[in-house]
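Notes to accompany the following structure.
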Amino acid sequence: MDKRKMMPKRPRFESRGPISNGPMQARPLVALLDGRDCSIEMPILKDVATVAFCDAQSTSEIHEKVLNEAVGALMWHTIILTKEDLEKFKTLRIIVRIGSGVDNIDVKAAGELGIAVCNVPGYGVEEVADTTLCLILNLYRRTFWLANMVRDGKKFTGPEQVREAAQGCARIRGDTLGIVGLGRIGSAVALRAKAFGFNVIFYDPYLPDGIEKSLGLTRVYTLQDLLFQSDCVSLHCTLNEHNHHLINEFTIKQMRPGAFLVNTARGGLVDDDALAQALKQGRIRAAALDVHENEPYNVFTGPLKDAPNLLCTPHAAFYSDASATELREMAASEIRRAIMGRIPECLRNCVNKEYFMGQGSYPEGTGNISTTNTLH
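For the sequence shown, the residue numbers in the numbering used here are 345 to 720.
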């Protein structure tokens, strides 16, 4: 009997063989899929990889050389990788999302194809938390709308005009801020909000009991309880198949009449149709969205185009000069660890590690992208 027929079939991820960057071999190709600027990534990767950019909005715009030869990919949130998209890459071993959310990648399909998916969860926590408080303050104090009135030439000749223009401004102290998702950003928002006088409650079914005591917060155990008690609701959870349109027509009816809504997490958490209707009816007093289900967001189209008391920003809560540099350095360093070490053992933030564990030991030479530069 042919012994080769008796050998067990390797999982697909092991069939993507090693990519050597030894002295006789070309360096592994790493591509920035949806951007052009590699000035921060290049110093980190130039001695172990060839770095290219695609500036693509879809895989149809990605050069054939990248599809055939790239072993690593860096990507922002402007491109979507479905299972069909991922199958176009012939040698890809790792994708690093330059950011925290991976909802624009079919993570399950990537794992089945032997592609590790990583993110950068720790970056920009301060920036997003600060932006969230900025948006909350704008809703309460109506600063955005008042500033626009002045810019448009409106004259305030007395207290009557101020009162008319500032109608709806609210006092913060004593109001309840409800935070959905008490991760890094949610916790940072909670601590900032307490300094402004908010009573802070949170809902997070994934955290162990007792975490609320260490932060001096009040915990509720259902989303319904949070919505019912909150004067302002702020979303700080990831987006998945279980919480798409978490804020919808039904849950909006569970909110306090005249409550505020802030979303700096993921656009798909909010049903735009339901929000638009609630704003028009006054059920929600005002809302601030930094993220949108369809990006780039166009204020002149979609269900929110005529919605009153809506403040929108262009998915920029994460950004500061410092956080942008930090983010890109961390993403490039994850790619470097993959090249120099083993997948997934040497990766810090692999979100689909389960597809690579429990498979037994790797056959010699198949666990690394690079077999000549190992992690010591």
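Ideal Cβ positions, reconstructed from N, Cα and C, are used throughout, including at glycine.
Predicted, not measured: the structure shown is a model, and the values here were computed from it.
Inter-residue CB distance, residue 687 and residue 438 (contact presumed, cutoff 8 Å)
Counting from one through the sequence shown, the residue named residue 687 turns up at place 343. Counting from one through the sequence shown, the residue named residue 438 turns up at place 94. With a beta-carbon spacing of about 6 Å, residue 687 and residue 438 fall inside the 8 Å limit used to define contacts.
Need the endpoints of the alpha helix (DSSP H) that residue 455 sits in, please.
Indexing the sequence shown from 1 puts residue 455 at position 111. Taken as a continuous stretch (DSSP letters only), the alpha helix (DSSP H) holding residue 455 covers 451–456.
Is the segment 393–405 touching the segment 657–674, taking contact as three or more C-beta pairs under 8 Å?
No contact exists between the segment 393–405 and the segment 657–674.
Alpha carbon of residue 596 to alpha carbon of residue 644, nearest angstrom
The residue given as residue 596 occupies position 252 in the sequence shown. The residue given as residue 644 occupies position 300 in the sequence shown. Near 24 Å, if we compare the C-alpha coordinates of residue 644 and residue 596.
C-beta atoms of residue 545 and residue 525 nearer than 8 Å
What you label residue 545 is simply residue 201 of the sequence shown in a count that begins at 1. What you label residue 525 is simply residue 181 of the sequence shown in a count that begins at 1. In this structure, residue 525 does not lie closer than 8 Å to residue 545 by Cβ.
Kindly indicate which residue of 640, 634, 690 and 662 has the alpha-carbon position closest to the one of residue 654.
To locate residue 654, count along the sequence shown from 1; it is residue 310. Looking at the Cα atoms, 634 is the closest of the given residues.
Short of 7 Å in beta carbon distance, which residues of its chain neighbour residue 454, apart from the five on each side in sequence? Order them along the chain.
Residue numbering aside, residue 454 sits at position 110 when the sequence shown is read from its first letter. Within the same chain, and ignoring the five residues on either side of residue 454 in sequence, the residues whose Cβ sits closer than 7 Å to its Cβ are 430, 439, 461 and 696.
Three or more C-beta pairs below 8 Å linking the segment 499–508 and the segment 560–575:
Flag = no, the segment 499–508 and the segment 560–575 do not touch.
Throw me the rounded Cβ distance for the residue 662 and residue 471 pair, which I believe falls under 8 Å.
Position 318 of the sequence shown, counted from the first residue, corresponds to residue 662. Position 127 of the sequence shown, counted from the first residue, corresponds to residue 471. Right, their Cβ atoms sit about 6 Å apart.
Residues bridged to residue 520 by DSSP?
If you number the sequence shown from 1, residue 520 lands on position 176. Residue pairing from DSSP places residue 520 in a beta bridge opposite 543.
Is the distance from the Cβ of residue 604 to the Cβ of residue 483 below 8 Å?
Working through the sequence shown from its first residue, we reach residue 604 at position 260. Working through the sequence shown from its first residue, we reach residue 483 at position 139. Yes, the pair counts as a contact, with Cβ atoms nearer than the cut-off.
Would you check if the segment 605–617 and the segment 572–587 touch, i.e. whether three or more CB-CB distances between them fall below 8 Å?
Between the segment 572–587 and the segment 605–617 there are three or more inter-stretch CB-CB distances shorter than 8 Å, so the stretches are counted as touching.
Candidates 599, 436, 441 and 413: closest to residue 672 by CA position
As a first step, residue 672 must be located in the sequence shown, where it is residue number 328. Nearest of 599, 436, 441 and 413 to residue 672, Cα basis: 441.
Can at least three beta-carbon pairs, one atom from the segment 533–547 and one from the segment 488–499, be found at a separation below 8 Å?
Below 8 Å, too few C-beta pairs join the segment 533–547 and the segment 488–499 to call them touching: fewer than three.
What is the residue span of the beta strand (DSSP E) that residue 397 lies within?
The residue given as residue 397 occupies position 53 in the sequence shown. Taken as a continuous stretch (DSSP letters only), the beta strand (DSSP E) holding residue 397 covers 394–397.
DSSP-derived helix/strand/coil call for residue 438:
Position 94 of the sequence shown, counted from the first residue, corresponds to residue 438. Looking at residue 438 - three-state DSSP - the assignment turns out to be strand.
Using a Cβ-Cβ cutoff of less than 8 Å, which residues in the same chain neighbour residue 375 once the five nearest sequence positions on both sides are dropped?
Taking the sequence shown and counting its residues from 1, the one referred to as residue 375 is at position 31. Cβ within range, chain order: 395, 396, 397, 398, 406, 410, 414, 416, 417 and 418.
Where residue 569 and residue 513 are concerned, what is the direct C-alpha to C-alpha distance, given to the nearest angstrom?
The residue given as residue 569 occupies position 225 in the sequence shown. The residue given as residue 513 occupies position 169 in the sequence shown. Taking the straight line joining both Cα atoms gives about 25 Å.
Suppose you measure from the CA of residue 689 to the CA of residue 391; what does that come to, to the nearest Å?
Here residue 689 refers to the residue found at position 345 of the sequence shown. Here residue 391 refers to the residue found at position 47 of the sequence shown. So the alpha carbons of these two residues sit roughly 22 Å apart.
Three-way DSSP call (helix, strand, coil) for residue 419 in this model:
As a first step, residue 419 is located in the sequence shown; it is residue number 75 there, counting from the start. Residue 419: strand per DSSP, three-state reduction.
Could you pull out every unbroken beta strand (DSSP E) segment of at least 3 residues lying fully inside the segment 644–709, listed in chain order?
The qualifying runs are 654–656.
Measuring straight from C-alpha to C-alpha, what distance separates residue 423 and residue 447?
Residue 423 sits at position 79 when you count from the first residue of the sequence shown. Residue 447 sits at position 103 when you count from the first residue of the sequence shown. The alpha-carbon atoms of residue 423 and residue 447 are separated by roughly 11 Å.
Could you pull the start and end residues of the beta strand (DSSP E) that residue 605 belongs to?
Here residue 605 is taken as the residue at index 261 of the sequence shown, counted from 1. From DSSP, the beta strand (DSSP E) with residue 605 extends over 603–607.
Where residue 530 falls, given that 16 or more other Cβ within 10 Å makes a residue buried
Position 186 of the sequence shown holds residue 530. With 16 or more other CB atoms across the displayed protein chains lying within 10 angstroms of its CB, residue 530 is buried.
Determine the extent of the beta strand (DSSP E) in which residue 425 is found, giving its start and end residues.
The residue you call residue 425 lines up with position 81 of the sequence shown. Here residue 425 belongs to no beta strand (DSSP E), and DSSP marks it neither H nor E.
Could you check what DSSP says for residue 513 in three-state terms: helix, strand or coil?
Along the sequence shown, read from residue 1 onward, the residue named residue 513 stands at position 169. Coil.
Considering only residues of the same chain and omitting the five flanking positions on each side of residue 579, which have a CB-CB separation below 6 Å?
Residue numbering aside, residue 579 sits at position 235 when the sequence shown is read from its first letter. Cβ neighbours of residue 579 beyond the five flanking positions: 524, 607, 609 and 613.
With 16 as the cutoff for other CB atoms within 10 Å, does residue 322 come out buried or exposed?
With the chain covering 345 to 720 only, the question about residue 322 has no answer from this structure.
Local Cβ density within 10 Å of residue 701, reported as buried at 16 or more and exposed below that
The sequence position of residue 701 within the sequence shown is 357, counting from 1. It counts as exposed.
Assign residue 574 to buried or exposed, taking buried as 16 or more other Cβ atoms, counted over all protein chains shown, within 10 Å of its Cβ.
Within the sequence shown, the letter at position 230 stands for residue 574. Residue environment for residue 574: buried (at least 16 other C-beta atoms within 10 angstroms of its C-beta).
DSSP state of residue 632 mapped onto helix, strand, coil
Taking the sequence shown and counting its residues from 1, the one referred to as residue 632 is at position 288. Secondary structure of residue 632 (DSSP, three-state): strand.
Do the CB positions of residue 678 and residue 691 come within less than 8 Å of each other?
Reading the sequence shown from its first residue, position 334 is the one you call residue 678. Reading the sequence shown from its first residue, position 347 is the one you call residue 691. Taking 8 Å as the cut-off, the beta carbon of residue 678 is found closer than this to the beta carbon of residue 691.
Endpoints, alpha helix (DSSP H) assigned at residue 373
Mapped onto the sequence shown, residue 373 falls at position 29. Careful: residue 373 lies outside any alpha helix (DSSP H), inside the beta strand (DSSP E) at 373–376.
In whole angstroms, what separates the C-alpha of residue 631 from that of residue 485?
Here residue 631 is taken as the residue at index 287 of the sequence shown, counted from 1. Here residue 485 is taken as the residue at index 141 of the sequence shown, counted from 1. Annotation: residue 631 to residue 485 spans about 13 Å, alpha carbon to alpha carbon.
Nearest residue (CA-CA) to residue 541, options 517, 387 and 602
For the purposes of this step, residue 541 is taken as the residue at position 197 of the sequence shown. For residue 541, the nearest C-alpha among the options comes from 517.
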